[in-house]
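Residue numbers (the numbering used here): 11 to 707.
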Amino acid sequence: MDQFDQDKLDQQLTALFDGKVVRKDLLHRIKKGTNVPTFVLEFLLARYCASDEPEEIQAGMEAVLDTLNDNYVRPNEANAAQSRVATKGKHRFIDKVHVNYVEKDRRHWAALENFDSRRVAISEKFYRDNERLLQGGLWAEVTIGYNDIEDDDYAFFVEDLRPIQLSRFDFDGYCEGREAFSRDDWVDVILRSVGLEPNRLSKRVKFHFIARLAPVIEPNFNFIELGPRGTGKSYFYSEFSPYSTLISGGQATKAALFYNVQRRKIGLVGYWDTVAFDEVGGIKIKDPDTIQIMKDFMANGRFSRGVEVIAQASMAYVGNLDLSVEQIVHSEVHDLFQPLPKEFDLAVQDRFACYLPGWEMPKNSSEFLTGNYGFITDYLAEAFHYQFKQTNRYEEVSSRVKLGDAVEGRDEKGIKKTLCAFLKILHPHGRPTDEEFDEYVAYAVEARRRVKEQMNKRKTDDEFSRINLSYFTASGEEVVVYCPESRAAAATQEPSRRSIHAGEGNGEATGEPQGSSAVVEEVAVPPEPSAPATEPEPSLELQEQHFTIHYGDTGYSYEALVLPYLQGAKQVEIEDPYIRANHQIHNFVRFCEAVIKSPTVRKIILTTSYDQDTDVKMLAERLDELKQSLIELDVELQVQINENLHDREIRVDNGWVIKIGRGLDFYQKPDFWFGIGSHDLNSRKCLETKIDIFCSR
């Protein structure tokens with residue numbers, strides 16, 4: 011291995027922050043062969059490679075690789091890892107550890123992702139001292155012991171657990187070291203610390219990368235970045251900081267994000283500095299309440315779900331643009347919020363402080379990676395976490411910045427929050443010069459203007475038309491800030507106003523050719539949040555029904571029969587004596603899956619019975635599993651046993667009653683378990699039964 015030649019910035023950084031920096035070229039070499047997060051790898055590099063001597067570096071690299079080989083479990087090696095613990099009695103691993111409370115066991119179990127065990131015994135002291143184990147999990151060095159007591163219902167237990175993060179952080183020392191650097195050099199230090207070589211980036215792109223860090227240092231900061239694929243949008247939230255969590259796809263429920271009423275526990279926003287949403291266009295939000303709570307939280311960091319909750323987490327949304335920016339800014343129909351789910355209406359968009367232009371970011375490439383020194387990622391993450399919790403620069407910013415008349419309430423708040431983030435990242439030790447501060451103000455105003463321009467294109471009136479946001483420099487000159495991609499785009503600067511009735515009648519819409527009105531209406535008038543996309547919207551008022559399902563009929567899933575009658579329902583009661591056998595329990599699970607598609611339902615009550623042939627233990631275990639999974643969705647399942655039960659009936663607290671003669675078990679057994687109808691109940695053949703649906707009120 012060749013001798014490493016430090017440049018001036020390397021020498022300054024290693025002298026002032028000895029033991030807190032690492033060579034990033036070493037990281038890149040190891041990173042290619044593993045999916046371990048960056049802060050975990052650098053934790054090991056800092057332990058074994060704290061030298062520039064080629065021989066020592068080589069020995070340290072071998073030690074890191076040996077540690078990964080011995081202690082890091084790859085997902086396809088889980089069985090071998092478990093066997094190693096059983097054989098040796100215990101072994102230390104590097105893995106992500108989650109802790110879950112399992113109601114039916116009335117205890118907590120640890121789950122290791124790559125070790126692939128969901129039933130590892132863990133002492134209370136570990137999750138009491140590290141609450142993030144309970145919300146999203148934590149990377150740690152964890153020693154797993156083998157339990158050879160046959161009467162116990164677990165094979166493995168956590169003997170020791172050490173989170174991979176600094177035990178203490180000296181903020182004064184961090185600020186003292188910062189004073190020795192110029193602003194531009196400190197920008198380069200930050201970029202090298204996240205693995206980038208600043209000499210290959212323009213000043214504007216450097217500022218973009220700094221802005222990406224804003225949600226991990228400024229509380230209650232609402233950030234969005236949309237752009238092409240492959241620019242590393244989600245890296246900062248999945249790899250940079252152990253205090254941020256990335257939600258990839260799936261459903262964003264209010265129980266998981268904000269507050270679980272059944273558990274009486276705060277969600278992700280209470281445990282993480284940053285909650286980031288990857289592929290924001292694919293977010294599925296079935297409950298309009300989630301959006302309303304999200305709006306409240308994004309506005310002021312508080313919300314109410316029976317209890318008043320205050321939290322500091324920032325919200326970051328990243329996703330992909332499928333159209334070119336040139337097409338969008340010159341289009342009367344499309345805008346730069348085009349990928350967002352339709353539930354993200356103008357009220358959500360107005361809460362974004364910063365829209366980073368992802369189309370200006372370079373594609374991931376080795377040419378942009380640095381081989382020089384930077385902070386150990388965990389050290390810089392701790393510096394940001396400290397400022398996130400302990401410092402507030404808002405008053406300083408408010409006393410110093412002067413904004414133009416077009417800047418309105420949410421514009422001002424968003425601009426100032428972005429400025430606070432820049433000051434924390436680049437000037438933790440004190441005040442920037444007037445020239446530096448003006449640069450940050452110009453960037454923050456542009457980032458907010460980009461948000462306002464898109465809202466102005468969507469709105470049918472002039473509510474957001476004051477898009478010429480400006481600021482006053484230290485010398486008193488007023489500067490109007492523009493977004494470079496849209497400055498010359500008339501469709502964005504002066505969008506045509508459309509009638510709110512576009513698409514109705516003769517289809518006229520001011521400034522828009524006839525025939526495009528249906529598309530225009532979709533863009534201009536976002537749907538009302540009171541109508542969830544997943545709930546059926548019948549064109550006619552619901553009617554009482556009395557009919558017979560004949561033998562061999564199809565098209566009668568639980569969803570088709572029940573869901574239309576759950577509008578506004580909070581509680582569903584089902585009486586069915588035959589939820590006993592395995593297939594009958596499966597039927598009930600599918601019934602629950604149909605019911606919870608109504609976003610207002612909060613409680614399901616099952617009354618059933620069993621006879622002497624019923625496997626009561628199996629029944630209880632299956633229903634407990636179902637109860638546990640429903641709790642995670644903030645829905646309570648209550649099970650009651652009535653040995654004298656004979657009737658079959660579904661009662662909804664909105665007044666509707668659904669009687670199915672055979673109860674839930676009215677499907678034929680499929681001819682083939684791998685044939686059509688084996689899983690989709692809508693395609694499964696039925697037994698003959700009568701259906702009565704009526705309103706009891």
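All C-beta atoms, glycine included, are put in the ideal place defined by N, C-alpha and C. Everything numeric in this text was worked out from a predicted model, so none of it was measured.
Just to confirm, are residue i and residue j a CB contact at a threshold of 9 Å?
i: E235; j: Y365; result: yes
i: R202; j: P208; result: yes
i: H439; j: E186; result: yes
i: V226; j: A391; result: yes
i: L616; j: Q577; result: no
i: G174; j: F53; result: Position check: residue 174 holds Ile in this sequence, whereas Gly was assumed. Their beta carbons are under 9 Å apart, which means I174 touches F53 by this criterion.
i: L697; j: Q594; result: no
i: I295; j: P367; result: no
i: L136; j: V95; result: Reading off the sequence, residue 136 comes out as Phe, not Leu. It is not a contact, given that the beta carbons lie outside the stated cut-off.
i: T263; j: L643; result: yes
i: P709; j: R142; result: Here the chain has residues from 11 to 707 only, and residue 709 is not among them.
i: A363; j: F217; result: no
i: K462; j: D345; result: no
i: A221; j: F447; result: no
i: I104; j: N81; result: yes
i: I660; j: I651; result: no
i: V290; j: F307; result: no
i: V319; j: I276; result: yes
i: Q464; j: Q337; result: no
Classify residue i as helix, strand or coil using the three-state DSSP reduction.
i: V199; result: helix
i: Q68; result: helix
i: S248; result: helix
i: D283; result: coil
i: W683; result: coil
i: I701; result: strand
i: E235; result: strand
i: A150; result: strand
i: H118; result: strand
i: T387; result: helix
i: Y588; result: coil
i: L356; result: helix
i: E336; result: helix
i: K467; result: helix
i: H596; result: helix
i: F307; result: helix
i: S509; result: In this predicted model, S509 has a pLDDT of only 48, less than 50, meaning its place in the structure is not dependable; the value taken from the coordinates is given anyway. If DSSP states are grouped into helix, strand and coil, S509 belongs with coil.
i: E488; result: strand
i: H689; result: coil
i: T617; result: strand
I need the straight-line Cα distance from residue i to residue j, nearest angstrom please.
i: T586; j: I159; result: Looking at the sequence itself, residue 586 is Asp, so the reference to Thr does not match. Cα to Cα, D586 sits roughly 41 Å from I159.
i: R116; j: F125; result: 24 Å
i: D702; j: H556; result: 5 Å
i: A224; j: H101; result: 39 Å
i: K469; j: Q348; result: 14 Å
i: A630; j: S619; result: 12 Å
i: R672; j: P680; result: 17 Å
i: L256; j: S248; result: 6 Å
i: D139; j: Y111; result: 16 Å
i: L23; j: R193; result: 14 Å
i: I67; j: A73; result: 10 Å
i: H596; j: M628; result: 13 Å
i: L267; j: R612; result: 17 Å
i: F181; j: Y396; result: 7 Å
i: R204; j: L356; result: According to the sequence displayed, residue 204 carries Val and not Arg. If you take the alpha carbons of V204 and L356, they lie about 34 Å apart.
i: D621; j: R658; result: 17 Å
i: T153; j: F378; result: 38 Å
If residue i sits next to residue j, beta carbons under 8 Å apart, how far is it from one beta carbon to the other, in whole angstroms?
i: G240; j: N374; result: 5 Å
i: D690; j: K114; result: Incorrect: roughly 30 Å between the Cβ atoms, too far for contact.
i: T48; j: L55; result: Incorrect: roughly 10 Å between the Cβ atoms, too far for contact.
i: C602; j: L640; result: 7 Å
i: A454; j: V489; result: The pair is not a contact, with the Cβ atoms about 12 Å apart (cut-off 8 Å).
i: V662; j: V599; result: With a Cβ gap of about 19 Å, V662 and V599 do not count as contacting.
i: K695; j: G687; result: 7 Å
Under a CB-based cut-off of 9 Å, is residue i close to chain C?
i: V645; result: Among the chains in the structure shown there is no chain C, since it carries only a single protein chain.
Quiz item: Any chance the region 375-387 sits against the region 24-38, with 3 or more Cβ pairs inside 8 Å?
Solution: With contact defined as three or more Cβ pairs closer than 8 Å, the region 375-387 and the region 24-38 are in contact.
Self-check item: Sufficient close CB pairs (3 or more, under 8 Å) joining the region 284-301 to the region 322-334
Solution: Inter-segment contact for the region 284-301 and the region 322-334 is present: three or more beta-carbon pairs are separated by less than 8 Å.
Quiz item: Would the region 419-426 and the region 452-461 be scored as touching if the rule is three or more Cβ pairs under 8 Å?
Solution: As far as the Cβ criterion goes, the region 419-426 touches the region 452-461, which means the pair count is three or higher.
Exercise. Spell out a yes or no on whether the region 266-278 and the region 240-250 are touching, meaning 3 or more CB-CB pairs, one atom from each, closer than 8 Å.
Key: The region 266-278 vs the region 240-250: no contact.
Quiz item: For the 8 Å Cβ check, are there 3 or more pairs between the region 403-419 and the region 473-484?
Solution: By the Cβ rule, the region 403-419 counts as touching the region 473-484, because three or more pairs are nearer than 8 Å.
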